[in-house]
Structures are given as C-alpha cells and as structure tokens.
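Structure, as structure tokens:
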Amino acid sequence: MTLDLSLIPDGGVRWLDASGPNADIVLSTRIRLARNIEGYAFAPRARDGERLRVITQVGAAIPSIPELGQSVLYRVDELGPTERALLHERHLVSKELAGLDAQHPLRAGAGVFLGDNVSVMVNEEDHLRLQALASGFALREAYAAVNRVDRQLGEHVPYSYHPEFGYLTACPTNVGTGMRASALIHLPGLVLTKEIGKVLASLQQMGLTYRGLYGEGSEVVGNFFQISNQTTLGRSEDDLLDQLLRVAGHVVEREEEARRVLLRDAGYIIEDKLWRAYGTLRYARSLSFDEAMNYLSGVRLAVGLKLIPGLSVYTLNTLLIFSQAAHLAHAEGRPLTESETNQARARYVRVALEREAGTVG
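Using numbering that gives the first Met the number 0, you'd call the opening residue of the sequence shown number 0 and step up by one each time.
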C-alpha cells in the first residue's frame, strides 16, 4: 500500500495552522477516547483473525458517520517503516499503532481512518482510539468534535461498557470515560527562569501528568510539554475538561509572566541568545533533531516576544514536523543515513526560513 496523504485535507495537519486560541504558546489540543468492541478479546490478546474482523466491522460502519463519511483508511500494517513513522511524526497515529519499536511490534489489522478533524485508530492498545486534534488551546471544540463521532459510531458498533465502571479498556487507568485530554504547550520562559520544576510538580499534585512532544514514553525536546489527565475512573468528561482547562490555562499565564520577566530583567541577553538561534538555523549545514528542536524553540520564543518580525507561527509549526527524519526520507524518496538526515534537515530549514527572510532583520 502506498501512503498518499493528498487524499485528506491539508495532509492531516490542519492543526498546525496556528488559528486556535493562544496558538503562539499552545501548539495543539488533543482529545482521545479509548473504546473496545463487545465480543472480541482486547487488542493485545486478540488473534490476528479477530483484529481483522474488528477493522472490517468498523469499516462497514464508517460511511454512516457524517464526520467520517469522506475519511480515508490507511492500513498501517501494509505500510513500510518510513511511511508509518511519517504518520507518527504528524501525530496521526501513536508509536504503538505504527509498530516502531520492539516493545510494540506491528499488529495485523492495524489501521487508521483519517477524516478532516477526527480520526479513528484501529487495533492499537484498544480496538478503537478516537482522536481529535485542534490548533491552539481548544479543549471544548476538540471534545465536541470527537464526542459526535463517538456517539454516532456507538450506534453502529457495540462498545464494551460496564454500568458501574464505564467504558472497559485494556489498561485499567483508562477505564471510565476512556478519555485522555492533552495540550501541547511551549514553555521556554518557565525553563529559562527556572520555574518549570515548581510548575511540573504542582501538575502531578493535581492528578495531571506531563510528557514530551509525542506523549507517553517520549522525552521533552524544544521545551514542549504535553500536559494531560492521568486517570479517568470516577470522573466525568466535563470534570476532566474543566480541570485541564483551569490548570493548563494557569500554566499559560505563568509562561506569559515568565516571558515578561525575561524581557524586563535580561532583555539584551535574551535577545542576543534568540537571534543567535535564528542565525544558526539560517546558515547551518547540518542539524541533529535535538539541535533543530532547541533552536526552533528559541526562534519561536523570539517571535512570541516580537523580537523577530516577519516569521509566522505557522511556518515554525511546520518546521517542527516536516524537518523530522521520516519526512525528510519520504521527500528524498529513499532511506537516509543519520549524517544525510542531519544535512537534509539543515537544508530544509534554511530554505523554509529563506522564503520569509525578506521581512526579517
């Protein structure tokens, strides 16, 4: 199977357009619902035949769902490793569904139905992971979109549900609502003012957790922190959303205050540091992933502080995703060595920034 992302609107990355609330600080909002289908073993224990029946049953129901009627099915189990990694880099599938490491081997029947704003992963840890991604800090909007699909799909596919415990899931921490709500927030101000430790500790005290750019199991790079609820049992969807809205909103306010402090107390030092980051990206001939993410973080902060004019947040968003290894290899049409990847990344970033360089200086 060939991966043709032109079949879906904006290649599945409309959430990069920086149109949502607080988009200069909050890259994206995600709501994910875990669901399982009655009559089948949970995906980790299911046999190949069961998984294939699951994706067939879901596929038969999808045309009846208005928001997914024009969705495209990508059979992840029929794609090569670069194409699976590309879907993961775009946040369209999880690392587990993509089968990108030995801990999570690729499963038969692994697939994803990609719609405009909502997608359905099939045969990940649970039979179904319904997902909505939105630009900026838009928890309510993302939940409304995925909730409509959840209700409609539930009319055609019987979910595993217990009247006392709620939706039944493969992992006990997802039992209940089965909902994971998260916001991907850029926090360089709190890192530079050394306030980040206090903020992260307070999150955990309130039952929230933080992870890196790609959620569970990923490291924090480029000062991006994914803040999400930790448990779902005994809490309603509204409770979980209200808590994340309140707490993540407070984190955004703390970040804005930290940025004001940096400008007030160390303005010329910060300005020099951030312009150096921009200069490195403009002229580097080789960039590792971590280097690119850290320099892009600096430039993103500079744009937020209005120190560097003429650069759009949209361009910086796309650089975060499209300068990653699988995207570079896909663009070249062949596997790349680590050295070739670093050179291709630097070239891609240089060209993208050069397009907007006329108004920067």
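Cβ atoms here follow ideal geometry from the backbone N, Cα and C, with glycine treated the same way.
How long is the line joining the alpha carbons of residue i and residue j, rounded to whole angstroms?
{"i": "V350", "j": "Q130", "result": "33 Å"}
{"i": "I226", "j": "I268", "result": "30 Å"}
{"i": "Y73", "j": "I307", "result": "40 Å"}
{"i": "A182", "j": "V312", "result": "17 Å"}
{"i": "L99", "j": "E255", "result": "36 Å"}
{"i": "G332", "j": "D9", "result": "21 Å"}
{"i": "L304", "j": "V198", "result": "21 Å"}
Could you give the residue range of the beta strand (DSSP E) that holds residue i?
{"i": "L183", "result": "178–185"}
{"i": "A33", "result": "25–34"}
{"i": "V12", "result": "Counting along the chain, V12 falls outside any beta strand (DSSP E), and DSSP gives it neither H nor E."}
{"i": "L72", "result": "71–74"}
{"i": "S118", "result": "117–121"}
To which residues of the same chain is residue i closer than 7 Å at the C-beta, ignoring the five residues directly before and after it?
{"i": "V148", "result": "I64, E66, L67, V117, L129"}
{"i": "A291", "result": "S322, R344, V348"}
{"i": "V53", "result": "I36, Y39, G108, V121, N122, H126"}
{"i": "A97", "result": "V75, R83, A84, L86, H87"}
{"i": "D16", "result": "S134, Y313"}
With DSSP as the reference, label residue i as helix, strand or coil.
{"i": "Y39", "result": "coil"}
{"i": "D100", "result": "strand"}
{"i": "G79", "result": "coil"}
{"i": "Q151", "result": "helix"}
{"i": "F136", "result": "coil"}
{"i": "T358", "result": "Because the pLDDT of T358 is 49, which lies under 50, any placement of that residue in the model is unreliable, and the question is left without a value."}
{"i": "Q363", "result": "This structure cannot settle anything about residue 363, because the visible part of the chain is limited to 0 through 360."}
{"i": "G108", "result": "coil"}
{"i": "V350", "result": "helix"}
{"i": "L335", "result": "coil"}
{"i": "R89", "result": "coil"}
{"i": "A22", "result": "coil"}
{"i": "R44", "result": "coil"}
{"i": "G68", "result": "coil"}
Between which residues of its own chain and residue i is the CB-CB distance below 6 Å, once the five residues before and five after are set aside?
{"i": "S159", "result": "N35, E37, L167"}
{"i": "N21", "result": "G135, F136, V251"}
{"i": "V372", "result": "Look at the range of the chain in this structure, 0 to 360, and you will see that residue 372 is not part of it."}
{"i": "A276", "result": "Y294, G297, V298"}
{"i": "V71", "result": "L6, I7, L113"}
Along the alpha helix (DSSP H) that carries residue i, what are the first and last residues, could you check?
{"i": "Q56", "result": "47–60"}
{"i": "I320", "result": "312–321"}
Keeping to the same chain, check which residues put their C-beta closer than 8 Å to that of residue i; ignore five residues upstream and five downstream.
{"i": "I205", "result": "Sequence inspection shows Met at residue 205; the Ile mentioned does not correspond to that position. Within the same chain, M205 has close Cβ partners Q242, V246."}
Inset, instruction - Starting from the N-terminal side, write out each stretch of the beta strand (DSSP E) that is 3 residues or longer and does not extend beyond the region 194–259. - result: Those beta strand (DSSP E) runs which fall completely within the region 194–259 and span 3+ residues are 207–210, 223–228.
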